[in-house]
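*Asks:* This structure is in structure tokens; I'll ask about it shortly.
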């Protein structure tokens with residue numbers, strides 16, 4: 537589109553001070569418009585809350601990593617215990633299967649009984665260790681309660697910011713860019729801006745209508 541006032545444009549090109557002042561007027565007009573529709577408050581609130589949201593997500597990452605490391609360490613320490621139980625129980629089972637109890641001497645029978653008792657004692661101790669390890673793994677999952685709360689807070693912040701910005705977009709849309717019915721659907725009802733949950737399909741349609 538051709539400039540309505542080419543002489544004014546040439547004058548600005550030749551005079552940086554005029555161009556600077558013109559830019560200042562544009563910025564002032566934009567600032568006043570944003571203030572009028574309440575964007576200053578929204579943007580200020582968002583700028584204050586997003587760093588907090590980032591810290592919450594970082595904390596979630598730290599807690600999750602800590603829990604994962606704790607579980608891995610516990611499993612690594614417990615796995616050899618279970619492997620030994622499996623190994624020695626198999627050895628003991630083979631000894632019993634290979635033995636003819638009626639033909640065993642008293643000494644051999646006592647030795648087999650002693651080996652069995654030794655294994656039972658070892659299994660009892662190993663079971664206690666494994667039980668403790670399982671309790672530690674279960675306790676390591678307590679991070680889920682806290683991280684779940686933190687993530688919900690961040691999601692709530694993002695949803696509220698989306699609603700606020702969408703409200704600004706609707707308020708500042710050119711006349712005729714949004715149908716009255718679509719605007720009413722977005723500004724009223726349970727899925728409305730400021731409501732509980734936005735209809736994302738409606739939001740996508742709106743942004744497409746506005747050329748975004």
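Residue numbers (the working numbering): 537 to 748.
Quick reminder that beta carbons are idealized off the backbone N, C-alpha and C, glycines included.
(1) Only counting the same chain, and skipping five residues up and downstream in sequence, which positions put a Cβ closer than 7 Å to that of residue 685?
(2) What residue range does the alpha helix (DSSP H) around residue 656 cover?
(3) Look at residue 603 and residue 676 and say whether their C-beta atoms are less than 9 Å apart.
(4) Is it right to say residue 702 is buried, meaning 16 or more other beta carbons lie within 10 angstroms of its own, or is it exposed?
(5) Take every Cβ of the region 608 to 615, pair it with every Cβ of the region 692 to 700, and state whether three or more of those distances are shorter than 8 Å.
(6) Taking the alpha-carbon positions, what's the residue 625 to residue 590 distance?
(7) To which residues of the same chain is residue 628 closer than 7 Å at the C-beta, ignoring the five residues directly before and after it?
(8) Alpha carbon to alpha carbon, how far is residue 638 from residue 660?
(9) What do you get for residue 669, buried or exposed, if any count of 16 or more other CB atoms within 10 angstroms of its CB means buried?
(10) For residue 666, collect the residues of the same chain with a Cβ closer than 8 Å to its Cβ; drop the 5 residues on either side in sequence, then sort them by chain order.
*Replies:* In terms of the structure at hand:
(1) none
(2) 642 to 676
(3) yes
(4) buried
(5) no
(6) 52 Å
(7) 651, 652, 655
(8) 29 Å
(9) buried
(10) 614, 617, 618
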